[in-house]
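Chemist: Protein chains in written order, with this note's numbering: chain A, 248 to 405; chain B, 19 to 766; chain C, 7 to 87. We treat Cβ as the ideally placed atom computed from N, Cα and C, and that holds for glycine. So that we are looking at the same thing, I have put the structure below in C-alpha cells.
What follows is the structure, given as C-alpha cells:
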C-alpha cells in the first residue's frame with residue numbers, strides 16, 4: 248500500500264508529509280517533521296509523554312494516526328513559547344524545579360495548558376486528576392502540581 | 019583520596035540557594051535531545067528478536083530469508099561478539115544477546131538492521147529459530163531447591179557449601195555478637211517471613227541509541243545512559259575495539275534510577291553498524307523495557323528480632339533470599355549489610371543468598387538490595403512496638419546508631435544524622451496529628467551508604483571572565499546546576515557566569531557511572547579542586563603582573579589580592595581582569611582534577627505516612643507524607659527535595675501496586691504501564707520534606723549523597739501504616755487491594 | 007601489626023576467626039599480607055574488596071595509610087546503585 252499524503256497545520260504552520268497508513272502521529276512528528284519534543288514512553292496511550300492537542304483537544308499522539316491529521320490543527324511543545332518568551336507554565340515549571348530528567352515535561356506542559364484553557368482556576372485535586380494521564384517517575388508530582396497552580400494564579404492575574 | 023570538611027567555611031554565597039538549572043530551558047521547550055531524538059543521514063533502523071520461551075536451548079538460527087528481504091542490511095547473533103575474559107563481562111554480554119541458550123522470556127536472540135522500522139519488523143518474522151524448550155524456574159525459594167531446573171552448571175561462588183542447590187550462586191553473612199545470648203535477654207521475640215516481588219525502575223524513557231562505525235573501525239555512539247565511560251568500555255570489549263576507537267556521547271537521559279548503569283542494546287547497535295557499514299538507530303519499546311532490561315530482585319526473607327519490655331533491641335537476625343534473574347549478582351550483599359544498619363546492636367546476624375531463575379538479569383534500582391531488606395526489619399520492629407505498646411519513634415531513638423556505634427555491617431560510624439532525623443520526626447506536627455476511622459500512621463527509617471569513585475573535571479577560564487566546566491557524569495538529578503554552583507562559590511563569581519556540560523568520552527578522563535548518589539559529592543569535590551587549581555594559576559598571573567611573589571597573593575571574593583601590606587599596595591584584580599590578559603601572561607588558564615574519591619557520607623532518613631484503607635475495596639489512599647533526610651549540606655535545596663519526594667513516591671508504588679506478574683508459562687503478563695501500575699498524580703498528596711544537615715566530615719562543604727536513601731523507608735512506612743489502618747498485618751508486597759481484602763477477611 | 011575485621015562469610019577462610027592480624031602500613035600491603043597468611047581469601051580479594059578504615063569506606067585505593075590502632079574492616083566491593 249502506498250504512502251498517504253497529508254496536509255495539516257502544526258503550531259500554526261502549514262505542513263505536508265507522506266506517511267504509512269499505520270504510522271502514528273507521534274511517529275510522523277518525530278521522524279518526518281523533525282519535531283522530537285513529543286516523546287515515546289509506551290506507544291499504548293498509558294504514559295502521556297506524547298501529548299499534543301488536535302483541534303484544541305488533548306490527545307496522546309501515539310493513539311492518533313498520522314493520516315488523521317489531515318486538515319486539522321496540531322499544537323506541540325515546540326509551539327508553546329512565543330519566540331524566546333516562555334509561557335507562564337514553562338516558566339513556573341522551570342523556576343519551581345518541577346522537572347528532574349525532563350522526559351515527561353513536554354507532555355505535562357501540553358496537558359496543563361489544555362487544562363487551564365478549559366478551567367483557569369482549578370483546585371489541587373482537579374489538577375491532579377487532569378494530569379493523571381501524564382506519568383512522571385522522578386518528581387513524585389509535588390513540585391509539578393505547585394507549578395501549575397502558581398502559573399494558573401499568575402495567568403488569572405491573581 | 020579524601021578532602022576533609024572545611025570547618026572554616028560557614029558563609030556560602032552561592033551554595034545553599036535555589037538556582038535555576040542550566041538544562042531547564044531546553045527541557046521545557048522540547049529542544050533537549052534524549053536517546054531517541056538523534057538521527058544520522060543514511061541511518062538504518064534496528065529490531066531485536068526475543069525468545070518467547072523462559073528457558074530454551076537455541077539449536078539453530080536460519081537468517082537466509084530475513085537477509086533476502088529487500089531493505090535488510092545486516093543480521094547479528096551471539097557469534098558476532100568477542101568472547102570475554104571474566105564471568106562478569108561474559109554475563110553482561112550474554113544478557114545482551116543469548117549465547118546458545120535463551121534464559122528468560124524476552125532474552126535477545128538475534129537483531130536486524132533495515133532501511134525502515136517496518137522492514138526490520140518484517141525481517142524478524144522471517145528469522146527462523148529452532149528452540150529446544152527446557153524446564154524453567156521463576157520463584158526464589160523454588161529455585162533454591164535441590165531438584166530445581168538448573169540454569170548454569172558450576173557457577174557457584176567458592177564460599178558456598180558443597181551441598182547447596184545448583185541454582186544458588188552467591189552467599190554472604192554479616193554481623194557480630196552472641197546471638198543466643200542476645201535472644202535470651204529478650205522479653206519478647208517475633209519471627210516473621212516476608213515476600214517482595216520484582217519491580218522495575220519505571221523510567222519513562224525507553225533505552226535508545228544511535229551507533230556508527232566507519233570503515234576505519236572508529237565508532238561513535240549516542241545513547242541515554244548513566245555512564246558513557248562504562249558503555250564505552252563494555253562495548254569496546256564486546257565487539258573487539260580499543261577504548262580510544264569508540265567515542266560515546268551521553269544524551270539527556272529520561273530517568274535511570276540505576277537501570278541504565280549497564281548496557282542492553284548498545285553493543286548490538288554497534289555490531290549492526292559495523293556489519294552494515296551504516297549508522298544504526300536502536301530503540302526499545304515499552305514492552306521490551308519491562309521484559310528485557312533489569313528489574314529488581316524479588317525476595318523471600320525470614321526475620322527474628324528480640325526486644326526488652328522497655329524497648330531495647332537485644333538481637334536481630336535476618337535470612338534474605340534474593341533472585342536476580344538468570345545471572346549471578348551480589349545485591350543480596352547490600353541487603354544483608356543494610357538490613358539492621360540503623361541500629362546499635364550487640365548481637366546481629368544477617369545471611370544473604372542469591373538464586374538463579376529464568377527471569378531478566380537484575381539491575382540496580384535506587385539503593386539496590388536495601389528497600390526489601392529494611393522493609394522486613396522495620397515491619398517487625400513496628401509489630402513489636404504495637405505488641406508492647408511502645409512509641410515507634412521512641413524505640414528507634416533508643417536503639418539508634420550514632421557516632422561510635424559498630425555498624426551491623428562492620429565499621430564504626432563517624433558523625434551520622436539518624437538521631438537528628440528521628441528527633442525532627444518526633445517533634446513534627448505530622449507525628450501528633452489526629453487520625454480518623456480506617457486510618458493509620460506508619461513510621462520507618464532507612465539508610466544508604468552513598469559512594470565515592472572516579473571522576474575527572476576540567477575547568478577553563480574564558481577571556482571574558484566566564485567559566486566552562488566539563489565533567490563526565492550524565493545528569494539525572496540536576497547535578498550540572500550544583501557543580502556550577504560549587505565552581506562559582508570557589509571562584510567567587512556569580513552562578514550565571516559558569517556553564518557546566520557533560521563531555522563525551524574523548525573530552526576528559528574516566529568517570530564512574532552516575533549512581534550511588536555520588537555525583538554532587540564526587541564531581542563537586544573534583545570541581546572544587548579544579549577551581550582551586552585554576553585559582554592558583556590566577557594568583558600566579560596577578561603576582562607576575564604586580565612583580566611580587568606568587569605566595570604573597572590570595573584569592574578573595576572573586577579577585578586576586580596582595581596578602582598583606584608587606585606584599586604591596588595593589589588594587590584587587592578580578593577573575594575577568596586577569597582572564598582578559600591571560601594570553602599575554604602565559605597562556606590560557608584552566609584547572610583540572612582527576613581522582614578516585616573516598617569519604618562519602620552515609621545518609622539516613624525517616625518517613626512518616628498517614629494512610630486510609632477502604633475495608634470494602636482494600637484500596638489504600640495516601641493522606642499525608644513527610645520525608646526527613648540528612649543531606650550533610652544541601653547545595654541546592656530544590657533538587658534535594660526533589661530526590662526525597664521522587665524516592666518516596668517510587669517506594670509508595672512499590673509498597674502498594676507495582677510487581678512483575680509471571681504466568682504459569684514463565685512469560686511476563688504485565689509489560690506495560692497499564693498493568694504495571696506506577697503512582698499517578700491523583701494517587702498522591704503533596705510530599706512534605708525536612709532536610710537535616712549534619713555535615714559529612716569527608717567533603718569540604720559537608721555534602722552527603724541524597725538520591726537513594728529516599729526509596730528505602732517507604733516500603734515499611736506504608737506497610738506499617740496499612741497495618742494500623744486495616745488492623746491486620748500483611749507480610750507480602752505489594753499490598754494491592756485484593757491482598758489487603760484477603761488479609762482483612764482472614765483476620766475476621 | 008594491624009587487626010583486620012572480616013565479614014561473616016569470610017571467616018570460614020580464616021579458620022573461623024572474625025579478626026586477623028597482619029603486618030601492613032597501607033591497604034595494598036594489608037591485602038597482600040592477608041592473602042599470604044590466609045590463601046583461601048585470595049579469590050574474594052581478587053574479585054575486589056573495599057576497606058573501611060576508622061569508619062571511612064575506601065573503594066579500592068591501594069595507598070591509603072593504615073596505622074596500628076586503625077579500625078580496619080574488610081567490606082564487599084561497593085558498586086552499582
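Whole-angstrom Cβ separation of residue 314(A) and residue 266(A), contact assumed at under 8 Å?
Modeler: Here the question's residue 314(A) lines up with position 67 in the first chain. Here the question's residue 266(A) lines up with position 19 in the first chain. With a Cβ gap of about 6 Å, residue 314(A) and residue 266(A) count as contacting.
Chemist: Using a Cβ-Cβ cut-off of 9 Å, state whether residue 325(A) counts as contacting chain B.
Modeler: The sequence position of residue 325(A) within the first chain is 78, counting from 1. Judged by the 9 Å Cβ criterion, residue 325(A) is in contact with chain B.
Chemist: Please return the same chain residues whose Cβ sits closer than 6 Å to the Cβ of residue 64(C), not counting the five positions on each side in sequence.
Modeler: Here residue 64(C) refers to the residue found at position 58 of the third chain. Only 57 and 70 meet the Cβ criterion.
Chemist: Taking only the alpha-carbon atoms, compute the straight-line gap between residue 166(B) and residue 475(B) and give it to the nearest angstrom.
Modeler: Start at 1 with the first residue of the second chain, and residue 166(B) comes out as number 148. Start at 1 with the first residue of the second chain, and residue 475(B) comes out as number 457. Computed Cα separation, rounded: 50 Å.
Chemist: Let me see if you follow: with CB-CB separation under 9 Å, is residue 770(B) close to chain A or not?
Modeler: Since the displayed chain B opens at 19 and closes at 766, residue 770(B) lies outside it and no answer follows.
Chemist: Which residues bound the alpha helix (DSSP H) around residue 392(A)?
Modeler: Sequence index remark: in the first chain, residue 392(A) carries index 145 (1-based). Note, residue 392(A): alpha helix (DSSP H), 389–403.
Chemist: Find the residues of chain C that neighbour residue 430(B), judging by a C-beta separation of less than 8 Å, and give them in chain order.
Modeler: Looking up residue 430(B) in the second chain gives position 412. Under the 8 Å cutoff, chain C gives 60, 61 and 77.
Chemist: Check each candidate in 660(B), 639(B) and 64(B) and name the one with the smallest Cα separation from residue 767(B).
Modeler: With chain B represented from 19 up to 766, any question about residue 767(B) goes unanswered, as that position is not in the structure.
Chemist: Are any of the Cβ atoms in chain C nearer than 9 Å to that of residue 663(B)?
Modeler: The sequence position of residue 663(B) within the second chain is 645, counting from 1. No, because no Cβ of chain C sits closer than 9 Å to the Cβ of residue 663(B).
Chemist: Mapping DSSP to helix, strand and coil, what is residue 25(B)?
Modeler: Reading the second chain from its first residue, position 7 is the one you call residue 25(B). Residue state, collapsed to three classes: coil.
Chemist: Taking three-plus beta-carbon pairs below 8 Å as touching, is the stretch 375–387 of chain A in contact with the stretch 664–675 of chain B?
Modeler: In short, these stretches touch, since the Cβ pair count reaches three.
Chemist: What residue does the alpha helix (DSSP H) around residue 758(B) start on, and which one ends it?
Modeler: Residue 758(B) sits at position 740 when you count from the first residue of the second chain. Segment 755–765, the alpha helix (DSSP H) holding residue 758(B).
Chemist: Less than 9 Å between CB atoms is the rule here; does residue 194(B) satisfy it with respect to chain C?
Modeler: The count along the second chain starts at 1 and reaches residue 194(B) at position 176. Answer yes: the Cβ-Cβ gap between residue 194(B) and chain C drops below 9 Å somewhere.
Chemist: What's the C-alpha gap between residue 632(B) and residue 750(B)?
Modeler: Walking along the second chain from the start, residue 632(B) turns up at place 614. Walking along the second chain from the start, residue 750(B) turns up at place 732. One C-alpha to the other measures close to 19 Å.
Chemist: State the CB to CB distance for the pair residue 99(B) and residue 297(B), rounded to an integer number of angstroms; the pair is presumed to be in contact (CB under 8 Å).
Modeler: Counting from one through the second chain, the residue named residue 99(B) turns up at place 81. Counting from one through the second chain, the residue named residue 297(B) turns up at place 279. No, residue 99(B) and residue 297(B) are not in contact; Cβ-Cβ is about 20 Å, not under 8 Å.
Chemist: With a floor of 3 residues, list each beta strand (DSSP E) that falls wholly inside the stretch 327–359 of chain B, ordered by position along the chain.
Modeler: Correct list: 331–341.
Chemist: By the three-class DSSP mapping on this structure, what secondary structure does residue 114(B) have?
Modeler: Taking the first residue of the second chain as position 1, residue 114(B) is located at position 96. Reduced to three states, the DSSP call for residue 114(B) is helix.
Chemist: Do the CB positions of residue 498(B) and residue 723(B) come within less than 9 Å of each other?
Modeler: To locate residue 498(B), count along the second chain from 1; it is residue 480. To locate residue 723(B), count along the second chain from 1; it is residue 705. Contact flag unset, no.
Chemist: Short of 9 Å Cβ to Cβ, which residues in the stretch 370–388 of chain A face chain B?
Modeler: Listed by position along the chain: 371, 372, 374, 375, 376, 377, 378, 379, 380, 381, 382, 383, 384, 385, 386, 387 and 388.
Chemist: Leaving out five residues on either side along the sequence, give the residues of the same chain with a beta carbon under 7 Å from the beta carbon of residue 40(C).
Modeler: Here the question's residue 40(C) lines up with position 34 in the third chain. Cβ neighbours of residue 40(C) beyond the five flanking positions: 10, 26, 28, 47 and 51.
Chemist: Against chain C, which members of the stretch 594–624 of chain B pass a CB distance test of less than 8 Å?
Modeler: Going along the stretch 594–624 of chain B in chain order, one finds 614, 616, 617 and 618 with a Cβ nearer than 8 Å to chain C.
Chemist: Would a C-beta distance cut-off of 9 Å place residue 410(B) and residue 738(B) closer than the cut-off?
Modeler: The residue you call residue 410(B) lines up with position 392 of the second chain. The residue you call residue 738(B) lines up with position 720 of the second chain. Against a cut-off of 9 Å, the Cβ pair of residue 738(B) and residue 410(B) comes out as a contact.
Chemist: Within the same chain, show all residues whose beta-carbon is closer than 7 Å to that of residue 144(B), passing over the 5 residues directly before and after it, in chain order.
Modeler: Within the second chain, residue 144(B) is the residue found at index 126, counting from 1. The residues are 83, 84 and 87.
Chemist: Would the beta-carbon of residue 398(A) fall within 9 Å of that of residue 335(A)?
Modeler: Walking along the first chain from the start, residue 398(A) turns up at place 151. Walking along the first chain from the start, residue 335(A) turns up at place 88. Yes, they are a contact pair.
Chemist: List, in order along the chain, the chain C residues whose C-beta lies closer than 7 Å to that of residue 348(B)?
Modeler: Within the second chain, residue 348(B) is the residue found at index 330, counting from 1. Ordered by position in chain C, the residues that pass the 7 Å Cβ test against residue 348(B) are 82.
Chemist: Classify residue 173(B) as helix, strand or coil using the three-state DSSP reduction.
Modeler: Here residue 173(B) refers to the residue found at position 155 of the second chain. Three-state DSSP puts residue 173(B) in coil, outside helix and strand.
Chemist: Under 9 Å Cβ-Cβ, which residues of chain B neighbour residue 296(A)?
Modeler: Counted from its first residue, the first chain places residue 296(A) at position 49. Within 9 Å Cβ-Cβ: 222, 223 and 272.
Chemist: When you compare the CB of residue 287(A) with every CB in chain B, is at least one pair closer than 9 Å?
Modeler: For the purposes of this step, residue 287(A) is taken as residue 40 along the first chain, with counting starting at 1. Cβ-Cβ to chain B under 9 Å: yes for residue 287(A).
Chemist: Please list, in chain order, the chain A residues whose beta carbon lies closer than 9 Å to that of residue 692(B).
Modeler: Translated into the one-based positions of the second chain, residue 692(B) becomes position 674. Simply 289, 291, 292 and 293.
Chemist: Starting from the beta carbon of residue 342(A), find every residue of chain B whose beta carbon is closer than 7 Å, and list them in chain order.
Modeler: Translated into the one-based positions of the first chain, residue 342(A) becomes position 95. Within 7 Å Cβ-Cβ: 38.
Chemist: Using the Cβ count rule (16 or more neighbours within 10 Å means buried), how would you classify residue 374(A)?
Modeler: For this step, residue 374(A) is matched to residue 127 along the first chain. Classification for residue 374(A): buried.
Chemist: Among 147(B), 183(B), 149(B) and 178(B), whose alpha-carbon lies nearest the alpha-carbon of residue 164(B)?
Modeler: In the second chain, residue 164(B) corresponds to position 146, counting from 1. For the residues 147(B), 183(B), 149(B) and 178(B), the minimum Cα distance to residue 164(B) belongs to 183(B).
Chemist: With DSSP collapsed to three states, give me the class of residue 449(B).
Modeler: Here residue 449(B) refers to the residue found at position 431 of the second chain. Note: residue 449(B) maps to helix in three-state DSSP.
Chemist: Out of curiosity, what's the CA-to-CA distance linking residue 395(A) and residue 329(A)?
Modeler: If you number the first chain from 1, residue 395(A) lands on position 148. If you number the first chain from 1, residue 329(A) lands on position 82. Those two C-alpha atoms are separated by around 19 Å.
Chemist: Residues of chain B with a CB under 7 Å from the CB of residue 328(A): which are they?
Modeler: Here residue 328(A) refers to the residue found at position 81 when the first chain is read from its first residue. The contacting residues are 47.
Chemist: Determine the extent of the alpha helix (DSSP H) in which residue 524(B) is found, giving its start and end residues.
Modeler: On the second chain, position 506 is the one that residue 524(B) refers to. First-last for residue 524(B): undefined, no H or E at that position.
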